[in-house]
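*Asks:* Dropping a structure here in structure tokens format, bear with me for questions.
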Amino acid sequence: MKIIQLLFFVFCCGILSAQVNFKLKISNTNCVANGGSAKVVLSSGLQPQNFIFKWSNGSAIDSISNLSAGSYSVTVFNSAKTDSSTKNFTVDSAATITIATFPKDTICVGTTAILEATAMPQGGSFTWSGGDLGSPRSKDSIHVQPTTGQVYTLNYNNPACPGSTTIKIVSSPVKAQLAGISQPTCGLANGSITGAGSAFKATFTWFKDGLPFGTNASILNNLKAGNYTFIIYDGVTGCSDTMKNIILADNTTYASLAALETTPDSCLRGQGTAKLTVTGGSGNYTFKWSHSTTAIGNTVANLPKGSYRVTVSDGVCTPFDTSVTILGPDSTLAISLSATNDNCSKASGSATALSKLGTPPYSYIWNNGSTGSTATNLLGNSSYSVTATDALGCAITDSIFVSDVAAPHLAFLPFDSLCPNANNGILKLKASGGQSPYNYKWSHDSLLTASTANHLSPGMYAATVTDAGNCTATASVTITAFGNPTIDLGNDTTILKGTIAELKLSTSLPVTNVYWKPFIQSAENSLIAYAKPDSTTTFSVLVKYGNNGCQLSDSITVMVINENAEVIVPNIFTPNGDGVNDNFYVSAKAVKNFNISIYDRWGNKVFEAFDANFKWNGNNQIDGTELPNGVFTYMLEYITLNTNTRKLLKGSVTLLR
10 MKIIQLLFFV FCCGILSAQV NFKLKISNTN CVANGGSAKV VLSSGLQPQN FIFKWSNGSA
70 IDSISNLSAG SYSVTVFNSA KTDSSTKNFT VDSAATITIA TFPKDTICVG TTAILEATAM
130 PQGGSFTWSG GDLGSPRSKD SIHVQPTTGQ VYTLNYNNPA CPGSTTIKIV SSPVKAQLAG
190 ISQPTCGLAN GSITGAGSAF KATFTWFKDG LPFGTNASIL NNLKAGNYTF IIYDGVTGCS
250 DTMKNIILAD NTTYASLAAL ETTPDSCLRG QGTAKLTVTG GSGNYTFKWS HSTTAIGNTV
310 ANLPKGSYRV TVSDGVCTPF DTSVTILGPD STLAISLSAT NDNCSKASGS ATALSKLGTP
370 PYSYIWNNGS TGSTATNLLG NSSYSVTATD ALGCAITDSI FVSDVAAPHL AFLPFDSLCP
430 NANNGILKLK ASGGQSPYNY KWSHDSLLTA STANHLSPGM YAATVTDAGN CTATASVTIT
490 AFGNPTIDLG NDTTILKGTI AELKLSTSLP VTNVYWKPFI QSAENSLIAY AKPDSTTTFS
550 VLVKYGNNGC QLSDSITVMV INENAEVIVP NIFTPNGDGV NDNFYVSAKA VKNFNISIYD
610 RWGNKVFEAF DANFKWNGNN QIDGTELPNG VFTYMLEYIT LNTNTRKLLK GSVTLLR
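Numbering (the working numbering), first residue to last: 10 to 666.
Next up, the structure:
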């Protein structure tokens, strides 16, 4: 509620207590009785209903009419009667004359105003005088150009209702003035200009060297040397004046960059240089480079491609900065190497360098003297280096190893000796290393190009292999055959019925399979068999040996007896050539592993036999001499067939010739 009341007070009471400010619009009687009028014209924004009007003729509204010539007054109060204003005025009986001014009654010096007259009642003529006219002018409108404020008189020539009036035309004198100037120094923007002039609500427009510059203020700061101009405008009249050729000159001697020399970082290895030449100022220059705290001179080396800032000071004026750009290629030279291997040390290798980036064209030099991007006829197991150089002289060196691909390695797969008189030998040659594929050539068959040779007889064979790199290798081998192969079951043997016979096969062959016939249990593929025949039996054996299917056979007869072992030894014999009892022998049956040794009386062995069917003729077995008559001792040893018991007999026999 309080807020509403306050707003109402401001709105209502503020208007009611407004200050009274008004003009009067008066019309003469125009030579007609009671033809005059007057009207109160309030200041802009004020409404008549908010004011009280008190005219000298008693009227209480904002305008009165039907006035005769004479003097009048009006007092205007605000509604709160806190302010009032009174104006006196006269209504003439003459004509009403109106003067219109174009553009207005205050003009700029040197410009023209147009004065145009109208009058009521109509029908008369006008005469202008005064001001800068010199002589009167009879026309409705005139052009005037006063130098100061001047008054012009207008007479209305109408016999029925004449009249006259005056008007003052003011010429506003706007004058631009230079109030202050400060010259720039050290090539810096540190000068200033202060503009002034006779103008109301003045504004300024600035120019430097003929181009718009700065703001509309009267003072410009931070100015460099140049030719400046400003125009001052009167904010009331719109009149202006111009101040030209305000010269700011920098007469100080200051350091400046006279020349900049650079060399590019051609190879992007930080090899650029920069040299600054500075003139003016004190001559005692110092340089501060952006990339290094230790670079202090005007010349700097070892600069990579890029942009740099350098600050130059002479110790007097403010230091100045300048930029330095070190040029260089977009990329640094690089090479990639590839190699083709040598084959079996024939100097058939090669190496190729591929340059990229940098600046083409490129040149090459290899450590073996070759030029060009590819070096040929290179021996393997060696390193080769190349230096590539681009169009800017940038060089790069790299190396590559050229390998040596050895000739193929040859090996015959294991093989066995052939059977006697066979021609089914097979040789398989395995090649490794080198470069596949391989080409085979055999010594015994020039048309054979496979790695396997078949249907071979015993003998020496050679094969030459050539690989994809044209490297060759030769290998040879000899195929052998089993010479005079034998197997032996030994002599026939005798066993006592019910006992076991050991059948033992003797051979030096590489046996692979053994077949006994008739079949013997647990003797399959065994060189030893144990048989227990009930009657005399002949056993045969088939033996396969080697890896080529070779085979041999043998047989043995096992005689079976039904009696016990017995040995009868005589005690005398007479080797005198009469055909009777000339030999010493024993009668033995059912025995095996028989052995007999005979010694003379001095213990010398004179005879020995391992067969029970031996016969001794009385001679020394060693030298064949006849032995003299005498008694000889024997020692006899055997194993019984029926019991497999070892027996030893000792005795003597008499030799009597």
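Glycine included, C-beta positions come from ideal geometry on N, C-alpha and C. Quantities reported herein were computed from a predicted structural model and do not represent experimental measurements.
Hey, Thr194 and Phe216: beta-carbon distance below 8 Å or not?
*Replies:* In the sequence shown, the residue the question calls residue 194 occupies position 185. In the sequence shown, the residue the question calls residue 216 occupies position 207. No; because the gap between Cβ atoms is not below 8 Å, this pair is not in contact.
*Asks:* Can you tell me where the beta strand (DSSP E) holding Ala510 begins and where it ends?
*Replies:* Translated into the one-based positions of the sequence shown, residue 510 becomes position 501. It spans 510-513 - the beta strand (DSSP E) in which Ala510 sits, taken as one unbroken run.
*Asks:* Hey, quick one: how far does the beta strand (DSSP E) through Arg318 stretch, first residue to last?
*Replies:* For the purposes of this step, residue 318 is taken as the residue at position 309 of the sequence shown. Run containing Arg318: 315-322, per the beta strand (DSSP E) assignment.
*Asks:* On the DSSP letters alone, give me the boundaries of the beta strand (DSSP E) that Cys559 sits inside.
*Replies:* Position 550 of the sequence shown, counting from 1, holds the residue named residue 559. Residues 559-570.
*Asks:* Taking the straight line between their C-alpha atoms, what separation do you get for Thr508 and Gly627?
*Replies:* As a working note, residue 508 is residue 499 in the sequence shown. As a working note, residue 627 is residue 618 in the sequence shown. Near 37 Å, if we compare the C-alpha coordinates of Gly627 and Thr508.
*Asks:* Quick check on DSSP: helix, strand or coil for Gly389?
*Replies:* Mapped onto the sequence shown, residue 389 falls at position 380. Gly389 falls in the coil class under three-state DSSP.
*Asks:* Measuring CA to CA, which of Gly172, Asn231, Lys439, Pro417 is closest to Phe135?
*Replies:* The count along the sequence shown starts at 1 and reaches residue 135 at position 126. Among Gly172, Asn231, Lys439, Pro417, the Cα nearest to that of Phe135 is on Gly172.
*Asks:* How about the segment 175-190 and the segment 106-120: do they share at least three Cβ pairs that are nearer than 8 Å?
*Replies:* The segment 175-190 vs the segment 106-120: in contact.
*Asks:* Can you tell me which residues form a DSSP beta bridge with Gly235?
*Replies:* Numbered from its first residue, the sequence shown carries residue 235 at position 226. The partner list for Gly235 (beta bridge, DSSP) reads Leu257.
*Asks:* Between Lys284, Gly279, Trp298, which lies nearest to Pro338 when the distance is taken from Cα to Cα?
*Replies:* What you label residue 338 is simply residue 329 of the sequence shown in a count that begins at 1. Closest option to Pro338, Cα to Cα, is Gly279.
*Asks:* From Arg146, Thr652, Asn311, Val474, pick the residue whose C-alpha is nearest to that of Pro417; which is it?
*Replies:* In the sequence shown, the residue the question calls residue 417 occupies position 408. For the residues Arg146, Thr652, Asn311, Val474, the minimum Cα distance to Pro417 belongs to Val474.
*Asks:* If you check the beta carbons only, do Glu544 and Val569 fall under 8 Å apart?
*Replies:* Counting from one through the sequence shown, the residue named residue 544 turns up at place 535. Counting from one through the sequence shown, the residue named residue 569 turns up at place 560. Note on residue identity: the sequence assigns Ser, not Glu, to residue 544. Yes, the pair counts as a contact, with Cβ atoms nearer than the cut-off.
*Asks:* For Ser52 versus Phe31, is the C-beta distance shorter than 8 Å?
*Replies:* Against the sequence shown, residue 52 aligns to sequence position 43. Against the sequence shown, residue 31 aligns to sequence position 22. Taking 8 Å as the Cβ cut-off, Ser52 and Phe31 qualify as a contacting pair.
*Asks:* Do you know how far the Cα of Lys355 is from the Cα of His453?
*Replies:* Within the sequence shown, numbered from 1, the residue matching residue 453 stands at position 444. Within the sequence shown, numbered from 1, the residue matching residue 355 stands at position 346. Going by the C-alpha atoms only, they are around 29 Å apart.
*Asks:* What do you reckon, are the CB atoms on Ile256 and Leu229 nearer than 8 Å?
*Replies:* For the purposes of this step, residue 256 is identified with residue 247 of the sequence shown, where counting begins at 1. For the purposes of this step, residue 229 is identified with residue 220 of the sequence shown, where counting begins at 1. Going by C-beta atoms, Ile256 is not nearer than 8 Å to Leu229.
*Asks:* Apply the 10 Å Cβ neighbour rule to Ala226 and answer buried if 16 or more other Cβ atoms are within range, or exposed otherwise.
*Replies:* To locate residue 226, count along the sequence shown from 1; it is residue 217. It counts as exposed.
*Asks:* From the DSSP output, which residues share a beta bridge with Glu270?
*Replies:* Position 261 of the sequence shown, counted from the first residue, corresponds to residue 270. Lys284, per the DSSP bridge assignment.
*Asks:* Candidates Asn59, Val100, Phe213: which alpha carbon is nearest Val41's?
*Replies:* Position 32 of the sequence shown holds residue 41. With distances taken between Cα atoms, Val41 lies closest to Val100.
*Asks:* Relative to the C-alpha of Ala574, which residue among Asp407, Thr652, Ile537 is closest?
*Replies:* Along the sequence shown, read from residue 1 onward, the residue named residue 574 stands at position 565. The shortest C-alpha separation from Ala574 is found at Thr652.
*Asks:* Taking only the alpha-carbon atoms, compute the straight-line gap between Tyr294 and Leu266 and give it to the nearest angstrom.
*Replies:* What you label residue 294 is simply residue 285 of the sequence shown in a count that begins at 1. What you label residue 266 is simply residue 257 of the sequence shown in a count that begins at 1. Each residue's alpha carbon lies about 11 Å from the other.
*Asks:* Mind listing, in chain order, the continuous beta strand (DSSP E) runs of no fewer than 3 residues lying wholly within the segment 320-360?
*Replies:* Segments of the beta strand (DSSP E) lying fully in the segment 320-360: 329-335, 343-349.
*Asks:* Need the endpoints of the beta strand (DSSP E) that Phe410 sits in, please.
*Replies:* As a working mapping, residue 410 is identified with position 401 in the sequence shown. Segment 404-411, the beta strand (DSSP E) holding Phe410.
*Asks:* Is it the case that the segment 611-626 contacts the segment 589-596, given that we only count it when at least three CB pairs across the two stretches are under 8 Å?
*Replies:* Yes, the segment 589-596 is in contact with the segment 611-626.
*Asks:* On the criterion of 16 or more Cβ atoms from any shown chain inside 10 Å, does Thr288 qualify as buried, or is it exposed?
*Replies:* For the purposes of this step, residue 288 is taken as residue 279 along the sequence shown, with counting starting at 1. Looking at its Cβ environment, which holds fewer than 16 other Cβ atoms inside 10 Å, Thr288 is exposed.
*Asks:* If you run the structure through DSSP and keep just helix, strand and coil, what is Asn534?
*Replies:* Position 525 of the sequence shown holds residue 534. Residue state, collapsed to three classes: coil.
*Asks:* Contact between the segment 319-333 and the segment 377-396 is defined here as three or more beta-carbon pairs at a separation below 8 Å; is this criterion met?
*Replies:* No: the two stretches stay apart, fewer than three of their Cβ pairs being nearer than 8 Å.
*Asks:* With DSSP as the reference, label Asn59 as helix, strand or coil.
*Replies:* The sequence position of residue 59 within the sequence shown is 50, counting from 1. Helix at Asn59.
*Asks:* Leaving out five residues before and five after Lys34 in sequence, what residues of the same chain have Cβ atoms less than 6 Å from its Cβ?
*Replies:* Reading the sequence shown from its first residue, position 25 is the one you call residue 34. Here the set comprises Lys48, Val50.
*Asks:* Measuring only the C-alpha atoms, how far is Glu617 from Leu657?
*Replies:* Position 608 of the sequence shown holds residue 617. Position 648 of the sequence shown holds residue 657. Cα to Cα, Glu617 sits roughly 15 Å from Leu657.
*Asks:* If you run the structure through DSSP and keep just helix, strand and coil, what is Ile24?
*Replies:* Counting from 1 along the sequence shown, the entry for residue 24 is found at position 15. No answer about Ile24 holds up, because its pLDDT of 49 lies below 50 and its placement is not dependable.
*Asks:* Per DSSP, which one or two residues make a beta bridge with Tyr667?
*Replies:* In the structure displayed, the chain extends from 10 to 666; residue 667 sits before or after that span and is not available.
*Asks:* In terms of residue numbering, what span does the beta strand (DSSP E) encompassing Asn463 cover?
*Replies:* On the sequence shown, residue 463 is found 454 positions in, with the first residue counted as 1. Segment 461-465, the beta strand (DSSP E) holding Asn463.
*Asks:* Tell me the DSSP secondary structure of Trp611 in three-state form.
*Replies:* If you number the sequence shown from 1, residue 611 lands on position 602. Reduced to three states, the DSSP call for Trp611 is coil.
*Asks:* State the DSSP-derived secondary structure class of Gly158, mapped to helix, strand or coil.
*Replies:* Along the sequence shown, one-based indexing puts residue 158 at 149. Coil at Gly158, not helix or strand.
*Asks:* Tell whether a beta-carbon distance below 8 Å holds between Leu505 and Val576.
*Replies:* Counted from its first residue, the sequence shown places residue 505 at position 496. Counted from its first residue, the sequence shown places residue 576 at position 567. Not in contact: Leu505 and Val576 (Cβ atoms no closer than 8 Å).
*Asks:* Between the segment 233-253 and the segment 205-214, do three or more beta carbon pairs fall short of 8 Å?
*Replies:* The segment 233-253 vs the segment 205-214: in contact.
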